[in-house]
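Quick note on numbering: the working numbering labels position 1 of the sequence shown as 174, and the sequence is numbered without any gaps. Every residue, glycine too, gets a C-beta built ideally from N, C-alpha and C. Inspection log for the structure reproduced underneath, given as structure tokens.
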Amino acid sequence: MEEIFKRRLYEEMKQNKITTEQLAAKIGVSAAMVTQYFTTKKLPRLDTFTKICKALDISADYLLGLKDY
């Protein structure tokens, strides 16, 4: 699930043409922290995860790899 999350987060940011800095500002974390989400084993806290889903307008199920849509 971790690898799916990383890949889908990166793909959604690219598709939405949102930079690491822009996403970080929307969800209230540093740009370095966002980078860690798709380059390391670091995963967001639940409240931050919710903000990511809202900022990218995607479902949690999709981002976690539970659904493919």
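{"Item": "As assigned by DSSP and simplified to three states, the class of M206", "Value": "helix"}
{"Item": "Segment contact flag, the stretch 176-189 with the stretch 209-218, C-beta cutoff 8 Å, min 3 pairs", "Value": "yes"}
{"Item": "C-beta atoms of M186 and A197 nearer than 8 Å", "Value": "no"}
{"Item": "Integer-rounded CB distance, given that K224 should sit under 8 Å from G201", "Value": "7 Å"}
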